[in-house]
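Presented below is the structure to which this report refers.
Numbering (this note's numbering), first residue to last: 172 to 272.
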């Protein structure tokens, strides 16, 4: 997983030639910690690039994409968000909601 910041977001996500799943999270967020191992499994099994963006440290990106609650997952393709999932979900449901299965 990539650690995303305001400084590297454009290069790592918006200019990526591959889809990137951005996990908007915070250290204090229990559901965020619950979904983290599921995202690691998805990354390993599907080869999907996943970036974690700490919302406490990067609030401007959170605001730019209208993220109101965490965890929020945004799937970017060609620099644009194409799927949004809010909340912690079981792996199969998460993959389905993201269009991975």
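By construction, the Cβ of each residue, glycine as well, lies at the ideal position given by its N, Cα and C atoms. Computed from a prediction, not measured in an experiment: that's the story for all the values here.
Going by the beta-carbon positions, is the gap between residue i and residue j smaller than 8 Å?
i: residue 219; j: residue 193; result: no
i: residue 269; j: residue 254; result: yes
i: residue 244; j: residue 236; result: no
Please check the pair residue i and residue j, which I expect to be a contact at CB under 8 Å, by giving their CB distance rounded to whole angstroms.
i: residue 313; j: residue 240; result: The chain is shown from 172 up to 272; residue 313 falls before or after that span and cannot be answered.
In whole angstroms, what separates the C-alpha of residue i from that of residue j?
i: residue 203; j: residue 214; result: 16 Å
i: residue 183; j: residue 261; result: 27 Å
i: residue 259; j: residue 186; result: 27 Å
i: residue 256; j: residue 189; result: 19 Å
i: residue 216; j: residue 238; result: 27 Å
i: residue 199; j: residue 272; result: 31 Å
i: residue 181; j: residue 267; result: 27 Å
i: residue 228; j: residue 201; result: 17 Å
Buried or exposed: where does residue i fall if 16 or more other Cβ atoms within 10 Å of its Cβ makes it buried?
i: residue 230; result: exposed
i: residue 233; result: buried
i: residue 196; result: buried
i: residue 225; result: buried
i: residue 178; result: exposed
Discussion item. For the segment 207-214 against the segment 245-258, do three or more pairs of beta-carbon atoms, one drawn from each stretch, fall closer than 8 Å, so that the two count as touching?
Written reply: Remark: fewer than three beta-carbon pairs, one from each stretch, lie closer than 8 Å, so the segment 207-214 and the segment 245-258 are not flagged as touching.
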